[in-house]
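Following: one structure in structure tokens, then a few remarks.
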Amino acid sequence: MTLALFTAQIGHYHDARYSAVAAAGAEFTVIVTQNEADFSEFMASGTGSYPVQHLFEGRAAYRKACATGRVWSSVHTSLSMLDPSVVIVAGWATPESFAAIAWARRNCRRLVMLSESQVNDAARSAWRERVKARVVGLCDAAVVGGPSHLDYIVRLGMPHKRVFMGYDAVDNAYFASGAEAARKNKMAVRSTLRMPAHYLLASARFIPKKNLPRLVMAYAKALKGRAEAPDLVILGDGPELGLVEAAIATEGLTGRVHLPGFRSYGELPALYGLSDGFVHVSTSEQWGLVINEAAASGVPVVASTACGATGPLVEDGVTGFVADGESEESIKNALVRLIELERSRRAEMGRAARERVAGWGTDRFSEGLLAACRIAENSRPRGLAPWDAMLLWKLSKRSIDVVQ
Numbered sequence: 011m012t013l014a015l016f017t018a019q020i021g022h023y024h025d026a027r028y029s030a031v032a033a034a035g036a037e038f039t040v041i042v043t044q045n046e047a048d049f050s051e052f053m054a055s056g057t058g059s060y061p062v063q064h065l066f067e068g069r070a071a072y073r074k075a076c077a078t079g080r081v082w083s084s085v086h087t088s089l090s091m092l093d094p095s096v097v098i099v100a101g102w103a104t105p106e107s108f109a110a111i112a113w114a115r116r117n118c119r120r121l122v123m124l125s126e127s128q129v130n131d132a133a134r135s136a137w138r139e140r141v142k143a144r145v146v147g148l149c150d151a152a153v154v155g156g157p158s159h160l161d162y163i164v165r166l167g168m169p170h171k172r173v174f175m176g177y178d179a180v181d182n183a184y185f186a187s188g189a190e191a192a193r194k195n196k197m198a199v200r201s202t203l204r205m206p207a208h209y210l211l212a213s214a215r216f217i218p219k220k221n222l223p224r225l226v227m228a229y230a231k232a233l234k235g236r237a238e239a240p241d242l243v244i245l246g247d248g249p250e251l252g253l254v255e256a257a258i259a260t261e262g263l264t265g266r267v268h269l270p271g272f273r274s275y276g277e278l279p280a281l282y283g284l285s286d287g288f289v290h291v292s293t294s295e296q297w298g299l300v301i302n303e304a305a306a307s308g309v310p311v312v313a314s315t316a317c318g319a320t321g322p323l324v325e326d327g328v329t330g331f332v333a334d335g336e337s338e339e340s341i342k343n344a345l346v347r348l349i350e351l352e353r354s355r356r357a358e359m360g361r362a363a364r365e366r367v368a369g370w371g372t373d374r375f376s377e378g379l380l381a382a383c384r385i386a387e388n389s390r391p392r393g394l395a396p397w398d399a400m401l402l403w404k405l406s407k408r409s410i411d412v413v414q
């Protein structure tokens, strides 16, 4: 069984997953279509022991290729050279997915879809759902994030028995070991990182769905009567930086809320590990890999119900606390519960979080992907109907920046 997997870029968590697949002995090639991310910190500085092909360098080149049809032809050329038995596509919203599906069907190869979409991620329209269902129906198996993602792809027509969970994984061991090392040398590491003595941590792109201004306002409420409460550190950057800064000023939190920008992948385990807890209260979030990272680092997590990771990883009162991201009061209450934890209870919840995420690591991704590929390989061969070929060709000329 030979595999070809498409991805826009290789971030740190991609590399951890793909390395696990390679370690399992799979004959496995990763095809990178853009090789660019929103921020350079997202990109892996190197990759593991698996072959990589690059189709385009940067988003500008990729978007131009979408408009001219070169994505379609480049994908087909690459796959014809590799001649995989199973093609793995990341979702139903990218030109390379449509092109790869068309190639696989025309050449009687099998298809596995990776998906982390939930039904409540966005408003759904009947005609879009029909198109998605048609595309999903061309695939033979799927790997998804968790239960909510499984429910959605089954709703779109993928048989339940052909769906495996575990798509959203990070390198748990990397975060666990880095966090533990930092805790053994707290004062020196904290000084190097320029962090407060006690802090709650958040990490996100500064965009509307991450809900950061509301988090700041909820934190202001949680501080009332709790002068000894930890500070709030929010890592990241983005278009809503000004709104976050305005919320800090309005609430009089200068000196209590810190915005150090993005930090490198090498610093993240220590930043998680030295925190008193992690907070992620998005109003819409397909998964939320920062929740995995925090849990693997052994700290309790406050997460919103909208996050796909919340159900599998955040059990209220056990591994953290669950909040309604649309409610400032609900976020405040969860923060208060986190702030008021006794040290022993905080450590106990952190251990529980680490144990919980251990079942959602890169080994699970590798096992799920290879199981899906085996099921796909044993599926009956299917061709490509002319109307499906036309649909895929039309869709492949659209560059889509958001997951639908």
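Heads up: the sequence shown begins at 11 in the working numbering, then just goes up one per residue. Ideal placement from N, C-alpha and C gives every residue a C-beta, glycine not left out.
- Fewer than three beta-carbon pairs drawn from the region 158-171 and the region 269-284 are found closer than 8 angstroms, and the two stretches are therefore not classed as touching.
- The beta carbon of Ala-186 sits closer than 7 angstroms to those of Ala-306, Ser-307, Gly-308, Arg-364, all from its chain and outside the five residues before and after it, given in chain order.
- Inter-segment contact for the region 349-362 and the region 163-175 is absent: fewer than three beta-carbon pairs are separated by less than 8 angstroms.
- DSSP places Tyr-28 inside the alpha helix (DSSP H), whose first and last residues are 22-33.
- Bounds of the alpha helix (DSSP H) holding Ser-90 are 80-92.
- Going by DSSP, Tyr-209 is part of the beta strand (DSSP E) stretching over 209-213.
- DSSP, read as helix, strand or coil, puts Phe-49 in coil.
- Going by C-alpha positions, Asp-247 is about 7 angstroms away from Ala-214.
- DSSP, read as helix, strand or coil, puts Thr-264 in strand.
- Judged by DSSP in its simplified three-state form, Ile-98 adopts strand.
- Looking at the DSSP output, Val-291 bridges to nothing.
- In the structure shown, Met-175 adopts extended strand secondary structure according to DSSP, grouped into three states.
- Cβ-Cβ distances below 8 angstroms link Tyr-60 to Tyr-28, Ser-29, Val-31, Ala-32, Phe-38, Thr-39, Val-40 in the same chain, with the five nearest sequence neighbours on each side left out; the list follows chain order.
- If you check the CB distance, Arg-356 and Leu-323 do not come in under 9 angstroms.
- Counting only runs of 4 or more residues that sit fully inside the region 133-173, the alpha helix (DSSP H) segments are 136-147, 157-165, in chain order.
- Measuring C-alpha to C-alpha distances from Arg-172 to each of Leu-380, Ser-83, Gly-283, Asp-25 identifies Leu-380 as the nearest.
- When DSSP states are grouped into helix, strand and coil, Arg-120 belongs to the strand group.
- Straight-line measurement puts the Cα of Asn-302 at about 21 angstroms from the Cα of Ile-349.
- A contact is defined here as three or more CB-CB pairs under 8 angstroms, and the region 141-151 fails this definition with respect to the region 329-346.
- Runs of the alpha helix (DSSP H) lying entirely within the region 221-256, each at least 4 residues long, are 222-233 in chain order.
- Note on Met-400: under 16 other CB atoms within 10 angstroms of its CB, so exposed under the neighbour-count rule.
- Excluding sequence positions up to five before and after Glu-46, its CB lies within less than 7 angstroms of the CB of Gln-19, Gly-68, Arg-69, all in the same chain and listed in chain order.
- Burial is judged here by how many other beta carbons sit within 10 angstroms of a residue's own beta carbon; Ser-88 has at least 16 and is buried.
- Using a Cβ-Cβ distance cut-off of 8 angstroms, the region 310-320 and the region 197-205 are not in contact, since fewer than three pairs of beta carbons, one from each stretch, lie closer than that value.
- By a beta-carbon distance limit of 8 angstroms, Val-291 does not contact Leu-210. Their separation comes to about 12 angstroms.
- Restricting attention to alpha helix (DSSP H) runs no shorter than 4 residues, the region 274-358 encloses them at 278-283, 299-306, 320-323, 338-349, ordered along the chain.
- Around Glu-255, the same chain offers Leu-269 as residues with beta carbons nearer than 8 angstroms, after the five sequence neighbours per side are excluded.
- Assigned with DSSP and collapsed to three states, Ile-111 falls in helix.
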